[in-house]
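Undergrad: Residues in the sequence shown are numbered from 261 upward in steps of one, following the numbering used here. All C-beta atoms in this analysis are idealised placements derived from N, C-alpha and C, irrespective of residue type, glycine included.
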Amino acid sequence: MDMLFILIVLVVIFALAFDFINGFHDTANAIATSVSTKALPPKVAIAMAATMNFVGALTFTGVAKSVSKDIVDPFQFNDEKIGLMIVLAALLSGIAWNLITWYYGIPSSSSHAIIGSIAGAAISAAGFGVLNYEGFLKIVKALIISPFVALAVGFIIMSIFAAVFKNFNKTKTNKGFRTFQIFTAALQSFSHGTNDAQKAMGIITLALIAGGYHTTEGIPMWVRVAAALSMGIGTSVGGWKIIKTVGGKIMKLQPVNGAAADLSSALIIFTFTALKLPVSTTHVISSAIMGVGSAKRVKGVKWGVARRIVMTWIITLPVSAIIAAIVYQILNLFI
Numbered sequence: 261m262d263m264l265f266i267l268i269v270l271v272v273i274f275a276l277a278f279d280f281i282n283g284f285h286d287t288a289n290a291i292a293t294s295v296s297t298k299a300l301p302p303k304v305a306i307a308m309a310a311t312m313n314f315v316g317a318l319t320f321t322g323v324a325k326s327v328s329k330d331i332v333d334p335f336q337f338n339d340e341k342i343g344l345m346i347v348l349a350a351l352l353s354g355i356a357w358n359l360i361t362w363y364y365g366i367p368s369s370s371s372h373a374i375i376g377s378i379a380g381a382a383i384s385a386a387g388f389g390v391l392n393y394e395g396f397l398k399i400v401k402a403l404i405i406s407p408f409v410a411l412a413v414g415f416i417i418m419s420i421f422a423a424v425f426k427n428f429n430k431t432k433t434n435k436g437f438r439t440f441q442i443f444t445a446a447l448q449s450f451s452h453g454t455n456d457a458q459k460a461m462g463i464i465t466l467a468l469i470a471g472g473y474h475t476t477e478g479i480p481m482w483v484r485v486a487a488a489l490s491m492g493i494g495t496s497v498g499g500w501k502i503i504k505t506v507g508g509k510i511m512k513l514q515p516v517n518g519a520a521a522d523l524s525s526a527l528i529i530f531t532f533t534a535l536k537l538p539v540s541t542t543h544v545i546s547s548a549i550m551g552v553g554s555a556k557r558v559k560g561v562k563w564g565v566a567r568r569i570v571m572t573w574i575i576t577l578p579v580s581a582i583i584a585a586i587v588y589q590i591l592n593l594f595i
């Protein structure tokens with residue numbers, strides 16, 4: 261069998277595996293607040309998140325196009341095998357990092373992991389000149405800026421809620437926000453699908469172009485459906501360790517806090533999706549919770565847990581790049 265075809269098949273399999281792992285790794289981000297405030301039972305929350313992730317994944321393709329061309333130009337490789345090995349190494353690295361952080365219950369960024377991995381594998385294969393620096397830096401800036409925006413928006417929305425509902429009956433207010441959280445959790449799951457599932461779509465398209473099986477930047481429909489299904493199925497599995505970290509260890513959540521965090525993060529993710537930029541839903545949602553907690557009481561945020569999360573954010577890009585570079589060299593020895 262032709263080696264290029266085998267590499268294409270491996271890339272598709274591992275890209276869908278990455279999407280599946282991304283689904284259960286990041287399920288926590290979409291439903292942690294609604295589960296921790298008891299707005300939704302865990303099984304219902306996961307089923308809803310899986311459905312909304314699937315629908316969201318089929319709705320947009322702008323982020324997928326950015327991932328497929330803005331980090332590395334797939335049309336520049338004269339040797340199709342090199343391009344496919346770069347993508348395969350990136351996927352193996354991204355999957356490894358996701359599983360490591362999931363095992364330890366750390367809400368790291370799948371986005372950082374895969375983008376760092378693509379860059380690291382490409383540099384390992386062809387040197388630093390292979391990167392599309394304009395597109396790569398644009399993506400990195402979005403990944404860095406979005407958590408700070410989410411922190412600010414979470415603070416503002418929570419401050420507005422606190423002012424508006426200050427004199428309302430607390431029991432009735434909590435009951436109302438618990439119901440409202442069903443909507444915000446669904447919205448957040450949908451926004452997660454619009455951004456995160458597209459990364460796998462972009463990676464598969466990148467591989468198809470590099471292997472000569474696709475000639476445009478458009479995302480094939482079968483790729484969109486397969487990625488959406490993988491993320492939806494992965495979401496249905498759930499990531500309980502991360503749910504505990506996001507939903508309770510950052511701060512003690514009440515329905516009004518959870519609704520404010522969900523609404524803030526969904527708005528940020530939608531905005532960056534509209535700009536065709538991949539963001540880390542993990543970073544955005546965790547930052548929104550911190551912003552909400554700061555509006556209520558700065559000391560109410562468990563900043564030790566927050567620091568551990570931020571440190572993971574910082575190291576993910578370089579560590580995943582190094583892992584991918586090593587994986588590429590290993591693949592190069594055997595393929």
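Short check: CB of A381 to CB of L391, under 8 Å?
TA: No. Outside cutoff.
Undergrad: In chain order, what residues of the same chain have a beta carbon less than 7 Å from the beta carbon of G494, not counting five sequence neighbours either side?
TA: Result list for G494: D279, F280, I281, N282, G283, F284, in chain order.
Undergrad: Count the other CB atoms within 10 Å of the CB of G507; is the residue buried (16 or more) or exposed (fewer)?
TA: Low confidence applies to G507: its pLDDT is 46, below 50, so where it sits in the model is not reliable, and the reading given next is rough at best. G507 comes out buried.
Undergrad: When the Cα of S525 is compared with those of L351, E394, M418, which residue comes out closest?
TA: Checked all of L351, E394, M418; the closest Cα to S525 is M418.
Undergrad: With a CB to CB cut of under 6 Å and the five nearest residues on each side skipped, what residues in its chain are close to A534?
TA: Answer for A534: no residue qualifies.
Undergrad: For the alpha helix (DSSP H) that contains P515, what are its first and last residues?
TA: Start and end: 515 to 534.
Undergrad: My output table needs one value for K539: the three-state DSSP class, helix, strand or coil.
TA: Reading the sequence as shown, one finds Val at residue 539 and not Lys. The answer is coil: DSSP assigns V539 none of H, G, I, E or B.
Undergrad: Does DSSP classify L276 as helix, strand or coil?
TA: Looking at L276 - three-state DSSP - the assignment turns out to be helix.
Undergrad: Based on the DSSP output, what are the partners of V332 in its beta bridges?
TA: Bridge partners of V332: L391.
Undergrad: Which term fits Q336, buried or exposed, when burial requires 16 or more other beta carbons within 10 angstroms of its beta carbon?
TA: Under this definition Q336 is an exposed residue.
Undergrad: On the criterion of 16 or more Cβ atoms from any shown chain inside 10 Å, does K556 qualify as buried, or is it exposed?
TA: Its Cβ being crowded by 16 or more others within 10 Å, K556 is buried.
Undergrad: Drop a sphere of 10 angstroms on the beta-carbon of K426, count the other beta-carbons inside from all chains shown, and report buried for 16 or more, exposed for fewer.
TA: That one is exposed.
Undergrad: Would you say the region 391 to 410 touches the region 542 to 555, given that touching needs at least three Cβ pairs under 8 Å?
TA: A contact exists between the region 391 to 410 and the region 542 to 555.
Undergrad: What would DSSP say about G508, mapped onto helix, strand or coil?
TA: With a pLDDT of 48 at G508, under the threshold of 50, the modelled position of that residue is not reliable, and the figure given next carries that caveat. Correct three-state label for G508: helix.
Undergrad: With DSSP run on the structure shown, which of helix, strand or coil describes K298?
TA: In the structure shown, K298 sits in coil (DSSP, three-state: anything other than H, G, I, E or B).
Undergrad: Less than 8 Å between C-beta atoms, sequence neighbours within five positions excluded: which residues of the same chain meet that for I355?
TA: Excluding residues within five positions, the ones whose Cβ falls inside 8 Å are F274, A277, F278, I281.
Undergrad: Within 8 Å, do at least three Cβ pairs link the region 430 to 449 to the region 466 to 481?
TA: Judged by Cβ distances under 8 Å, the region 466 to 481 makes no contact with the region 430 to 449, as fewer than three pairs qualify.
Undergrad: Going by the beta-carbon positions, is the gap between I404 and I331 smaller than 8 Å?
TA: Result no, Cβ atoms of I404 and I331 do not sit closer than 8 Å.
Undergrad: Between which two residues does the alpha helix (DSSP H) harbouring S453 extend?
TA: The identity of residue 453 in the sequence shown is Gly, whereas the question assumes Ser. Its alpha helix (DSSP H) spans residues 430 to 470.
Undergrad: Report the CB separation of V587 from I464 in whole angstroms; it is logged as a contact under 8 Å.
TA: Actually they are not in contact, since the Cβ atoms of V587 and I464 sit about 18 Å apart, beyond 8 Å.
Undergrad: So the candidates are W362, K536, K430, T576; which of them puts its Cα closest to the Cα of T319?
TA: When only C-alpha atoms are compared, the closest one is K536.
Undergrad: Consult DSSP for G478 and reduce its assignment to one of helix, strand or coil.
TA: G478 falls in the coil class under three-state DSSP.
Undergrad: Counting pairs of Cβ atoms below 8 Å between the region 485 to 494 and the region 293 to 303, do you hit three or more?
TA: Taking 8 Å as the limit for Cβ pairs, the verdict is that the region 293 to 303 does not touch the region 485 to 494.
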